[in-house]
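Data first, discussion second: the structure below is written as structure tokens.
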Amino acid sequence: MPTGEEPAERDPQGTAPGAPVLRVRGVTKSFGGAAALKGVDLDLYPGEIHALMGMNGAGKSTLVQVLSGVHQADGGTVEVGGHVEHGMTVRRARRLGIASVPQRRELAMGLTVAENVLLGDLPTRGRAVRWKAVRDEAREALHALGIDIDVTRTAGSLTVAEQTMVEVAREVRRGGRILILDEPTACLSAEAAQQIRTLVRTLRDEGVAVVYISHYIDEVMAVADRVTVLRDGAVVQSAPAAEFDAGGLVRAMVGRDVVSRRAERPGPKDETGLAVRGLTDGRAIRDFSVDVRKGEIVAVLGPAGDAQSRLFDLLSGRRRPEHGELHVDGVPVPFGRVRASLAGGLRCVTGDRRALGLVQELSVDENLMLAGDRFARRRLHRRGHLARRAAPLRRTYGVVSLAGNPPVGALSGGNQQKVLLAKWLQTEPVACFLEDPTNGVDIAAMADIHTLVDELASRGVAVLLASSSPEEVMRLADRVVVVSAGRTVAEHDTTAITRDELVATALGGQAQ
Ligand SMILES: Nc1ncnc2c1ncn2[C@@H]1O[C@H](COP(=O)(O)OP(=O)(O)OP(=O)(O)O)[C@@H](O)[C@H]1O
Ligand SMILES: [Mg+2]
């Protein structure tokens, strides 16, 4: 626990033992008249893992951005090591040892791990970079945190978890003593999330103050020493993690209980809606086959990332496989053509809503209509028409309406995810492929999205769901296919298996 820790030796602020390394008082921040932070207090101690929780839009990332100098607070004070900091900037924050690993990875993907770790600080002799020293120092930085990654690999070839670890190592090497991780385990497999938690514990034991943002309640209960819950830009509760239980945490975040239980659905029909045969792309997918009946939800459980986004690329027609067949409603659909996949009645919803799913600069309504019929697209410029067409979709999918029709990028993650689903599923598809539909979504929005997926299946749509969450699979799917290294390694009826048994098969026989 924080107060029992020895004072951190390398603490640049020289914080007295038992004193908070960071003290936030009454911080406010508005965006164009809308208050995102309404007087937030926060104390952060060296050697603690401090979870920051709250629903989408509660203000977690905004608080982090204020602390790391990306945004200027409108009011309130931030004290670091006993000194009040006026006008925090990114450079100042960095000098004070405040580092953040944001929601999106920020590595130079074409550079090696070693180069990324030492970026901006490459050892040189004259004008020549000392490459051996680069590799040695990077290796040392990773090793000190118990991270085992070959430093000569390019960042782009790493898994998301490995990229996170490299970013953490870089920040610690640069002197980060207050490390903020914004949803580091979103979309990771159970095993990869475990590695990140191990790393976070190592950091804590080194005396780093870790701010940990996550929507996963079990995870927070397992890793955090202290939990602060934000709701609508204000702190509603801040206490040692041991004083919370899961239900209490949900009530603090949402203001009510949230139940997301497996729903009663009509059984699947006999007809096959979606059939995939022998799909092979020579890389992440090897001989993948699955049959999904109409009204059935079949989950593919595996680590997020490569295999899942490859499946998205192949099924949506963005990429051609080496081999394989795809049938929708019994009709063969050619690969490699997005239009053919759509015309066949298959809708694929990407897990990468920022890069592929939504046009961040366009409004919610414009985004909703982008996947609609061509008629709607041609009329896109006619605002009244657009709003009339979009209104029922917003209602069905429970998308919030914000004043002034802001770009979709201003919406919270959960609301963006609902826009994405509405965009693709508005026309009744025969089959759909959903890639991690609740990625980065809060517990209430997650329950809503699960209900939407249930309804889809109830209407007879064949649903193939790629998920990295065993809970989600158990909640939604009739059957689950476990994929490892691109191959199907197991298949289960979800009513005949427990969550823990599922995790055990997914991890190759080892329990978590
Ligand atoms: N640059 C911005 N311009 C306008 N509004 C913003 C901006 N950044 C955040 N907001 C708004 O501030 C509020 C808080 O957003 P924030 O991103 O901090 O939420 P969050 O708790 O991190 O949510 P999530 O769990 O979805 O990541 C939201 O209403 C959001 O729409
Ligand atoms: Mg956020």
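Note that numbering that gives the first Met the number 0 has the sequence shown beginning at 0, numbered continuously upward.
Glycine is no exception: its CB is placed at the ideal position from the N, C-alpha and C atoms.
| Query | Result |
| --- | --- |
| Check: residue 59 C-beta below 8 angstroms from any heavy atom of ligand 2 | yes |
| As assigned by DSSP and simplified to three states, the class of residue 137 | helix |
| As assigned by DSSP and simplified to three states, the class of residue 375 | For residue 375, the predicted model reports a pLDDT of 49, less than 50, meaning its position is unreliable; a value from the coordinates is still stated below. Residue 375: helix per DSSP, three-state reduction. |
| Element boundaries [alpha helix (DSSP H), containing residue 471] | 469 to 475 |
| Segment contact, 8 angstroms Cβ cut-off, at least three pairs: the segment 280 to 288 with the segment 260 to 267 | no |
| Exposure label - residue 432; buried when at least 16 CB within 10 Å | buried |
| Stretch-stretch touch, CB-based, cutoff 8 angstroms, three pairs: the segment 166 to 175 with the segment 135 to 152 | yes |
| Beta-carbon contacts of residue 344 that lie in its chain and below 7 angstroms, excluding the five residues immediately before and after | 327, 328, 428, 429 and 430 |
| Reduced DSSP secondary structure (H/G/I, E/B, other) of residue 398 | coil |
| Residue range of the unbroken beta strand (DSSP E) whose run includes residue 42 | 33 to 43 |
| Backbone secondary structure at residue 214 - three-state DSSP | coil |
| Inter-residue Cα distance where the pair is residue 409 and residue 365 | 14 angstroms |
| Pair within 9 angstroms by beta-carbon distance, residue 114 and residue 137 | yes |
| Closest residue to residue 64 among 209, 92, 246 and 140 (Cα-Cα distance) | 92 |
| Entirely enclosed alpha helix (DSSP H) segments - the segment 222 to 250, minimum 4 residues | none |
| Ordered list of alpha helix (DSSP H) runs contained in the segment 166 to 216, each at least 4 residues | 189 to 204 |
| Three-way DSSP call (helix, strand, coil) for residue 30 in this model | strand |
| For residue 499, the nearest candidate out of 485, 474 and 469 (CA to CA) | 469 |
| Residue 52 - DSSP class collapsed to helix/strand/coil | strand |
| Short Cβ contact (9 angstroms threshold) for residue 435 with residue 411 | no |
| Of the residues 478, 352 and 288, the one placed nearest residue 308, counting alpha carbons only | 352 |
| Residue 118, buried or exposed, once every other Cβ within 10 Å from all chains shown has been counted against 16 | exposed |
| Alpha carbon of residue 277 to alpha carbon of residue 324, nearest angstrom | 7 angstroms |
| Inter-stretch contact at 8 angstroms, needing at least 3 Cβ pairs: the segment 76 to 87 / the segment 95 to 102 | yes |
| Any non-hydrogen atom of ligand 2 closer than 8 angstroms to residue 182 Cβ | yes |
| Buried or exposed by the 16-neighbour rule on C-beta atoms within 10 Å, applied to residue 49 | buried |
| Collapsed DSSP secondary structure at residue 97 in the structure displayed | strand |
| Residues bridged to residue 405 [DSSP beta-bridge criterion] | Looking at the DSSP assignment, residue 405 forms no beta bridge with any residue, so it has no partner. |
| Per-residue DSSP class, three states only, for residue 296 | strand |
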